[in-house]
Each structure stands twice: as structure tokens, then as C-alpha cells.
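Enquirer: This is the structure I want to talk about, given as C-alpha cells.
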Amino acid sequence: MEQRAGDERGLVRDPADPETVRSARSFGAAASVYGAARPGYPIEAVAWLVGDATRVLDLGAGTGKLTEALVALDRDVIAVDPVEEMLEELEVRVPGVPRILGTAEDIPVEDASVDAVVAGQAWHWFQPERAVPEIARVLRPGGTLGIVWNSRDTSVEWLRQAGEVMHERHDASASFQDYVRVGRPFGPIEEHSVEWVQRMSRARFLDLVRSRSYYLMASPVEQRSVIATLETLLATHPDVAGAEELAIPYVTRCFRARLG
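First residue of the sequence shown: 16, per the working numbering; consecutive thereafter.
Dropping the structure here:
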């Protein structure tokens, strides 16, 4: 999970808070790096997330990582994000998908107009007491709210060490249940996990680091220190030293709840 202005669990108190806005806007300057470096989502996971929904709203769509999987599943997708640069990158990656500037607390679509609302790597940016009623408003009766995160498997020692360098504050995979207390008017939350491995070059791994909000908001000196420390780790840790490719194990955690 990204470091952000929020409470002790990392939840955003107020999306309009200047520090939260600054953190969110930091992604705009690195939209192309974000789009190229961040992992996508396994089709199996996304298919479970949306079930038989036909018209899906990707909320906090970013550069379209989740949008890509939804389009591959032949869903009719609308992408909503508060950062214009991210939506511009989404248009490059997934051309033709309708893009709308908006937030989870103020979704600019009509009442009861979509079968599912999904949030990929984004729920922690939302203010639930405002976002949940707004999501319920745009969903058709019986519609689905789907929330998904990719989490690196930090039981792998070199990734745990890398996470410390990247200032990951906690093991996000252990605390997702805290983030998905949706409540009424939604029913019980179901959960599904998919384990998978993404292979990437060292350069792409470092770009992944450069796409994180902590790095984007750090000073140039801090940024150089983070990259230098990670380069040393990759060159010296026995599990990855000399490897042409890095195998990054992920767990994709999916949560869904039905309206009503």
C-alpha cells in the first residue's frame, strides 16, 4: 500500500485534505511510468470480482490496469479517476473506453446505471462514509461492489528488505479486511485470492519503485538514496544477485458485496 495522509490504518480521512490531494496528484507526473511498471490483474481474479455484470464502472481507474482486464472479459467499461494525466495514459493503453474525471465521493454518472463498481488498488483513497452511498446510488438493484489489491508476497526475504527500503509501513495483505468494512446497504463481503508470479527486469522493478507515492513525494536526495540502496540489494542478495529476471510473487486479493 502507498504511504498517504490518513489514520493509523492508512485510510484517508478527507479526500480534500491538501496532503491527500498532493499525494494523489503526485501520480499525474509519473502516469506513464505507473502505467508501464505496475502489475495488471489476473483474468481469473477479475472474472470472479464482477461475476455476470455487463456494464462496469472502474472507480479510481488510474492508467487502466483493471480496465484492461475488464475489456478483455468483454465488459462495457466506464473509467473514472480524479487525475487527468492518469486518464490520458488510460486512453493510450485502453483506447475507446469512456473516461470521466470524478471521485468516489462524487461519481458523475446517473443513478442505477451500472451493474458493478470496481476499485483496483484504490479503496484506501476513498472516504467510505461518503463513497459507499454514492456507489450504491449508481448501481442497479442487486449490483456488485468489487474491491481488489495486488500485494507482493513479503515472506520472500529480499522483497521484505526491498519493502523496508521503499518505506512500506505494514504488510498490507494482513490488513485488507480493515479496508473493506463496507456495511449497509451492501450485504456480506465475499473474498477470493489468486496467487501468481510476474517476471520483470531489474529496470522495471526500479520503475515500479519510482511509481510509488512515497518516492514521488520524496526529495531528490531521498529518491537517489532509495534507488541506490535497492540497486545494492539486487546486486548482493543471494536470491537475486546475477539474475537476469526477477520473479515477483503476488497475491491478488478480491472482495465483493451485493447491493441490498
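Ideal Cβ placement from N, Cα and C applies to all residues, glycine included.
(1) Closest to E125 by CA distance: which of P97, R70, E104, L105 is it?
(2) Pull up the distance between the alpha-carbon of A62 and that of G158, whole angstroms please.
(3) Going straight from the alpha carbon of I58 to that of L245, what length do you get?
(4) For a test of the three-state rule: what should DSSP assign to G161, helix, strand or coil?
(5) Run through DSSP, which three-state label would D121 get?
(6) Only counting the same chain, and skipping five residues up and downstream in sequence, which positions put a Cβ closer than 6 Å to that of I93?
(7) Would you kindly work out how many angstroms separate the C-alpha atoms of A258 and L223, rounded to a whole number?
(8) In the DSSP output, which residue or residues are listed as bridge partners for V71?
(9) Pick helix, strand or coil for Y230, following the three-state DSSP scheme.
(10) Cα separation between R227 and H182?
(11) Could you compute how far the alpha carbon of M232 sits from the alpha carbon of I242?
(12) From S166 to R155, what distance separates their C-alpha atoms?
(13) Assuming contact is defined by CB atoms lying nearer than 7 Å, are R217 and L249 in contact in what I supplied?
(14) In terms of residue numbering, what span does the beta strand (DSSP E) encompassing M215 cover?
Expert: Straight from the coordinates:
(1) What you label residue 125 is simply residue 110 of the sequence shown in a count that begins at 1. Ranking P97, R70, E104, L105 by Cα distance to E125 puts R70 first.
(2) Counting from 1 along the sequence shown, the entry for residue 62 is found at position 47. Counting from 1 along the sequence shown, the entry for residue 158 is found at position 143. Distance between the alpha carbons of A62 and G158 is about 15 Å.
(3) Counting from one through the sequence shown, the residue named residue 58 turns up at place 43. Counting from one through the sequence shown, the residue named residue 245 turns up at place 230. Looking at the two C-alpha atoms, the distance is approximately 31 Å.
(4) If you number the sequence shown from 1, residue 161 lands on position 146. Three-state result, G161: strand.
(5) Start at 1 with the first residue of the sequence shown, and residue 121 comes out as number 106. In this structure, D121 counts as strand in the three-state DSSP scheme.
(6) For this step, residue 93 is matched to residue 78 along the sequence shown. Excluding sequence neighbours, I93 sits near L72, P113.
(7) Along the sequence shown, read from residue 1 onward, the residue named residue 258 stands at position 243. Along the sequence shown, read from residue 1 onward, the residue named residue 223 stands at position 208. A258 and L223: Cα-Cα distance of roughly 18 Å.
(8) On the sequence shown, position 56 is the one that residue 71 refers to. In the DSSP output, where bridge partners are listed per residue, V71 has V92, A131.
(9) Sequence index remark: in the sequence shown, residue 230 carries index 215 (1-based). In the structure shown, Y230 sits in a helix (DSSP, three-state: H, G or I).
(10) Position 212 of the sequence shown, counted from the first residue, corresponds to residue 227. Position 167 of the sequence shown, counted from the first residue, corresponds to residue 182. Cα-Cα distance, rounded: 10 Å.
(11) By one-based count along the sequence shown, residue 232 stands at place 217. By one-based count along the sequence shown, residue 242 stands at place 227. Computed Cα separation, rounded: 14 Å.
(12) The residue labelled residue 166 in the question sits at position 151 within the sequence shown. The residue labelled residue 155 in the question sits at position 140 within the sequence shown. Near 30 Å, if we compare the C-alpha coordinates of R155 and S166.
(13) Along the sequence shown, one-based indexing puts residue 217 at 202. Along the sequence shown, one-based indexing puts residue 249 at 234. Result yes, Cβ atoms of R217 and L249 sit closer than 7 Å.
(14) Working through the sequence shown from its first residue, we reach residue 215 at position 200. First-last of the beta strand (DSSP E) with M215: 205-215.
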